[in-house]
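Engineer: Residue numbers (the working numbering): 368 to 1365.
Using N, Cα and C, we set each Cβ at its ideal position, and we do this for glycine too.
As the structure is a prediction and not an experimental result, all values here were calculated from the model.
To start, I am sharing the structure in question, which I have written as structure tokens.
Set out below in structure tokens:
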């Protein structure tokens, strides 16, 4: 029974030392190879200290099995037990890297590289690595020597002899030595080519920045020149052959695997450009064609191999161009693109596991640091480092980044890079994804020193550091601006006024002096208001800079703050409700309309809070009308009543505009609404419902003021046009008809006078100059147009339509819908007009020809002069008019027999026509897309300019703001116009076929 007891004891010890498969470990410890040391506690303790004791033990047994003789095996075991440094290094590597364990199993003597270190070996550089590679004469031996050197770097890394920055620098130095060795092999293979040219290898990216990963593409650029007397063309071809061979030596897979890919795609013109250029050719490209990101890449350029003198000449020549990049014309939109996290191309399932490109990832830190270097490195040479952590330290020392922010960011960056290193070290594969398997996360956590509950501790620390990066990413740009104006910490290094101005210009502010004045007013002082605003502003400024008009956003925020800053709930709302601050920033910087509505009643900012998640959802008529009628009931007179009604309308217009803007821009928590039609329907329904409720309240106020409870005639308001179609935009008038019917016993003349007085008073009250936007009532679609009476009785309408009605009037009646007043009278009006708008048997050919003739005349006569017809959202080809007349023609032809067509709404009628087979799915989709886009353009113009318009703005900043609303990023206004033309052109083709040809 002794054996089971002993086994049980060993099993328990193995569990205690961190083994996850004690049974397998016990079998390995019982193997012949470990018989001599099986019971030595030193070995078990050392294995238990590794990242993965099971992996380390398995690798050790394989290494022992690979020894060429029993003597060699005994030497390894004796050294392992006697020498703690070797024990820690060797087992540490075996417990962290299956790939290096494979290397040791193939090259059983390479463990000797870990036995002793001279002081110079503790932090080796290029010279030491070149010595380690000097005997490599071919790609296979180079790989073996490279892995041997990599083994020593990994050993120092996992044992804590070097930190993550030192390990990254050693990896870059090893890459430098490897490139030199590979180039030497290539030159030896082609001595004639080598004699013709000078070839410099410039490291870029992480290699150039002295911060390489274990497995990463090594980015390079090649510079070539002819030697004296040689033909330049021949010399460049020879240099290209040498460069290509050098790349293959490093990149190709052999029996010993590969080293890493050498990537030359950062060269001028990328993969379409020549692999090797002369220095003059490089300069010509950078001076004429290079984009901002290419200068950003040049921040890390460093000569590493080949003709180092030529390499230094290259760096000296391009360096002045790098530090002038911030003066280039497109720098600001390029910066806005660079600052936006590029996560669209990451599969959705991987976004949360992405260490590099995901939110709060390494790229956020690196781009932020590089951007600040480009902005401020022009005038401060201390910032010109290619290494992220060195540059961050210099930015903090110069006051360009707050010291506390820099310290937190450095800690987070070091942790995330350590994770990346250990993930790649395991298989020596290029990846930035945190593994999903629990055993992988356990090994990763233990490798980072998280020994208690390593999986949960790893995820907790990772999320904490990623959150720090997310939080500081924007503040890094803006907090120093506030420190510069608030000056609350004497002795701290601060941005100079000029540096602050440079930063604001780089981030899109057109008037940096005014912006600094606003910041000073908002952030200076020791009040609670100033303290909270100093906390909020770094993030708000970033959101403003994401818009097309950051200056307006900041100015509007100052106005709101001046109006509400002493109101406790306002600051509490912005500080405590996550969505409120971002929603406010979006609304204040998206154009003129929403801020104008807000400034007239700043307390409406409360609608922007996330609270129950529904404050921004537009309210339907059933909710609005009771509130409006109650306000009318409380008011002492008609003018006061309609003032209250207009106040509600202003607030609800703001709510709708804010919901539209936030839905169009999206937030960090909620992406932009993908269904553009849903946003159009939201605005059209909300504004139409609001207009109907406004008219109902105004009608109640007028009747009560003039006649008490009962008007001597029944009275109804019929919505027409976009109003009747539930498709009103922000700047639309209310198209209506007025119908009345004298009550029993009432004199018809008096009833008509009363109805006309009601209309006149309603129009007057809704247009009285005030802080609230007016509501214009347009009754021009009435019988006889402007020449006809404003109000008719139901019988008068019946007589007119029976005798005189024209085709265009029947078409206009397709949109008629009662919106206010006597519901029964409105219903009977619809019964009267239904035979006109949905004629039995459809339209005759004469009527169809007349409608087509009217449409053609309108196209030729109503377009404003000087306007590009292809960009006119209402009357241009493929615009609103084209789609609506096409749909309305279908309704008049088939509405009598297809019930679904009897709707006032364009999109519903279009869908019904498709379902009835009256047009194809593809044609319906084209028309719907065009109508939605044209409507969105009109809404955007109103939001941006504060006044209605049917064409894209000519002002560049306003055009960019329209583009942002429509989902186009900085610098993409041309793409937006091209997309509109393309959509409208397709729609016009469908209109030509269905409206004019069918």
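(1) I'd like the list of long-range same chain contacts for residue 699, defined as Cβ closer than 8 Å, with 5 residues on each side in sequence excluded.
(2) Rounding to the nearest angstrom, what Cα-Cα distance links residue 563 and residue 673 in this structure?
(3) Distance, Cα to Cα, residue 1048 vs residue 1330?
(4) At a cut-off of 7 Å, would you count residue 653 as near the ligand ATP, judging by its Cβ distance to the nearest heavy atom?
(5) Using 10 angstroms around the beta-carbon of residue 627, count the other beta-carbons present and answer buried if the total reaches 16, otherwise exposed.
(6) Between residue 930 and residue 904, what straight-line distance do the alpha-carbon atoms span, to the nearest angstrom?
(7) Please report the straight-line C-alpha distance between residue 1364 and residue 1203, rounded to a whole angstrom.
(8) For residue 1027 and residue 653, what's the separation of their Cα atoms in angstroms?
(9) Opposite residue 570 in the DSSP bridges: which residues?
(10) Note down the Cα distance separating residue 1194 from residue 1174, rounded to an integer number of angstroms.
(11) Looking at C-alpha atoms only, which residue of 436, 974, 914, 984 is the closest neighbour of residue 952?
(12) Taking just the CA atoms, how far does residue 1254 sit from residue 1276?
(13) When we look at the beta-carbon of residue 1128 and count the other beta-carbons within 10 Å, is it buried (16 or more) or exposed?
(14) Does the segment 919 to 926 come close enough to the segment 1005 to 1013 to have 3 or more Cβ pairs within less than 8 Å?
(15) So, are the CB atoms of residue 1249 and residue 1361 less than 8 Å apart?
(16) Check each candidate in 493, 800, 1100 and name the one with the smallest Cα separation from residue 1366.
(17) Output the distance between the C-alpha atoms of residue 942 and residue 1218, rounded to the nearest integer angstrom.
(18) Buried or exposed: where does residue 1095 fall if 16 or more other Cβ atoms within 10 Å of its Cβ makes it buried?
(19) Quick check: what's the CA-CA separation for residue 457 versus residue 478?
(20) Measure the beta-carbon distance from residue 1107 to residue 1160 and round it to whole angstroms, keeping in mind my assumption that it falls under 8 Å.
(21) Could you tell me how far apart the beta carbons of residue 525 and residue 459 are, in whole angstroms, since I believe they sit closer than 8 Å?
(22) Note down the Cα distance separating residue 719 from residue 385, rounded to an integer number of angstroms.
(23) What runs of the alpha helix (DSSP H), each 4 residues or longer, lie entirely inside the segment 1274 to 1338?
(24) Please tell me whether residue 1105 and residue 1238 are closer than 8 Å, where the distance is taken between their beta carbons.
(25) Sorted by chain position, which residues of the same chain lie with C-beta nearer than 8 Å to residue 787's C-beta, five sequence neighbours on each side aside?
(26) With DSSP as the reference, label residue 649 as helix, strand or coil.
(27) Considering only the beta carbon of each residue, do residue 919 and residue 843 sit closer than 8 Å?
(28) Please list, in chain order, all residues of the same chain as residue 432 whose beta carbon is under 7 Å from its beta carbon, the five residues on each side excluded.
(29) Could you check which residue in 1178, 947, 1234 has the C-alpha nearest to that of residue 365?
(30) Within 8 Å, do at least three Cβ pairs link the segment 606 to 613 to the segment 541 to 552?
(31) Can you list, in chain order, the residues of its chain whose CB lies under 8 Å from that of residue 836, leaving out five sequence neighbours each side?
(32) For the alpha helix (DSSP H) that contains residue 626, what are its first and last residues?
(33) Threshold first: 4 residues or longer. Then list the alpha helix (DSSP H) segments lying entirely within the segment 881 to 958, N to C.
(34) Which residues in the same chain as residue 1261 place their Cβ atom closer than 8 Å to its Cβ, once the five residues preceding and following it in sequence are excluded?
(35) With burial defined as no fewer than 16 other Cβ atoms inside 10 Å of the residue's Cβ, what is the status of residue 809: buried or exposed?
(36) How many whole angstroms separate the CB atoms of residue 1245 and residue 1352, which I take to be in contact at a CB cut-off of 8 Å?
Structural biologist: Reading from the atomic positions:
(1) Here residue 699 refers to the residue found at position 332 when the chain shown is read from its first residue. The residues are 872, 873, 874, 875, 1337.
(2) Translated into the one-based positions of the chain shown, residue 563 becomes position 196. Translated into the one-based positions of the chain shown, residue 673 becomes position 306. Near 13 Å, if we compare the C-alpha coordinates of residue 673 and residue 563.
(3) Numbered from 1 along the chain shown, position 681 holds the residue referred to as residue 1048. Numbered from 1 along the chain shown, position 963 holds the residue referred to as residue 1330. Near 20 Å, if we compare the C-alpha coordinates of residue 1330 and residue 1048.
(4) Annotation note on the ligand ATP: not contained in the displayed structure, which lists no ligands.
(5) Here residue 627 is taken as the residue at index 260 of the chain shown, counted from 1. With 16 or more other Cβ atoms within 10 Å, it is buried.
(6) Residue mapping note: residue 930 aligns to position 563 of the chain shown, counting from 1. Residue mapping note: residue 904 aligns to position 537 of the chain shown, counting from 1. Using only the alpha carbons, I get a separation of about 17 Å.
(7) Start at 1 with the first residue of the chain shown, and residue 1364 comes out as number 997. Start at 1 with the first residue of the chain shown, and residue 1203 comes out as number 836. So the alpha carbons of these two residues sit roughly 24 Å apart.
(8) The residue labelled residue 1027 in the question sits at position 660 within the chain shown. The residue labelled residue 653 in the question sits at position 286 within the chain shown. Approximately 42 Å between the Cα atoms of the pair.
(9) On the chain shown, position 203 is the one that residue 570 refers to. Answer by DSSP bridge pairing, in chain order: 587, 669.
(10) The count along the chain shown starts at 1 and reaches residue 1194 at position 827. The count along the chain shown starts at 1 and reaches residue 1174 at position 807. Cα to Cα, the separation comes out at about 22 Å.
(11) Taking the chain shown and counting its residues from 1, the one referred to as residue 952 is at position 585. When each option's Cα is compared against that of residue 952, the closest is 914.
(12) Locating residue 1276 in the chain shown gives position 909, where the first residue counts as 1. Locating residue 1254 in the chain shown gives position 887, where the first residue counts as 1. Cα-Cα distance, rounded: 7 Å.
(13) Translated into positions along the chain shown, residue 1128 becomes position 761. Buried.
(14) no
(15) Numbered from 1 along the chain shown, position 882 holds the residue referred to as residue 1249. Numbered from 1 along the chain shown, position 994 holds the residue referred to as residue 1361. Contact check for residue 1249 against residue 1361 fails: the beta carbons are separated by 8 Å or more.
(16) With the chain running from 368 to 1365 in the structure shown, residue 1366 is simply not present.
(17) Locating residue 942 in the chain shown gives position 575, counting from the first residue. Locating residue 1218 in the chain shown gives position 851, counting from the first residue. Those two C-alpha atoms are separated by around 58 Å.
(18) Here residue 1095 corresponds to residue number 728 of the chain shown, with the count starting at 1. Buried is the call here.
(19) Here residue 457 is taken as the residue at index 90 of the chain shown, counted from 1. Here residue 478 is taken as the residue at index 111 of the chain shown, counted from 1. Each residue's Cα considered, the two are about 7 Å apart.
(20) In the chain shown, the residue the question calls residue 1107 occupies position 740. In the chain shown, the residue the question calls residue 1160 occupies position 793. Residue 1160 and residue 1107 do touch by the CB rule: their CB atoms are close to 6 Å apart, below 8 Å.
(21) Along the chain shown, read from residue 1 onward, the residue named residue 525 stands at position 158. Along the chain shown, read from residue 1 onward, the residue named residue 459 stands at position 92. About 4 Å; that satisfies the 8 Å criterion.
(22) Here residue 719 corresponds to residue number 352 of the chain shown, with the count starting at 1. Here residue 385 corresponds to residue number 18 of the chain shown, with the count starting at 1. If you take the alpha carbons of residue 719 and residue 385, they lie about 28 Å apart.
(23) 1288 to 1312, 1323 to 1332
(24) On the chain shown, position 738 is the one that residue 1105 refers to. On the chain shown, position 871 is the one that residue 1238 refers to. No, Cβ-Cβ distance for residue 1105 and residue 1238 is not below 8 Å.
(25) If you number the chain shown from 1, residue 787 lands on position 420. Around residue 787: 580, 722, 723, 729, 799.
(26) Along the chain shown, one-based indexing puts residue 649 at 282. Helix.
(27) Locating residue 919 in the chain shown gives position 552, where the first residue counts as 1. Locating residue 843 in the chain shown gives position 476, where the first residue counts as 1. No; because the gap between Cβ atoms is not below 8 Å, this pair is not in contact.
(28) Locating residue 432 in the chain shown gives position 65, where the first residue counts as 1. The answer, listed in chain order, is 400.
(29) Nothing about residue 365 can be reported from this structure: the residues present for the chain run from 368 to 1365 only.
(30) The segment 541 to 552 and the segment 606 to 613 touch, with no fewer than 3 CB-CB distances between them shorter than 8 Å.
(31) Residue numbering aside, residue 836 sits at position 469 when the chain shown is read from its first letter. Contacts found: 727, 728, 731, 732, 776, 779, 780, 783.
(32) For the purposes of this step, residue 626 is taken as the residue at position 259 of the chain shown. Element bounds for residue 626: n/a, residue is neither H nor E.
(33) As summarised for the segment 881 to 958, the continuous alpha helix (DSSP H) elements at least 4 residues long and confined to that stretch are 895 to 912, 917 to 931, 935 to 943, 945 to 956, given in chain order.
(34) Locating residue 1261 in the chain shown gives position 894, counting from the first residue. 1209, 1268, 1280, 1283, 1285, listed in sequence order.
(35) Translated into the one-based positions of the chain shown, residue 809 becomes position 442. So residue 809 counts as buried.
(36) Taking the chain shown and counting its residues from 1, the one referred to as residue 1245 is at position 878. Taking the chain shown and counting its residues from 1, the one referred to as residue 1352 is at position 985. Yes, residue 1245 and residue 1352 are in contact; Cβ-Cβ is about 6 Å, under 8 Å.
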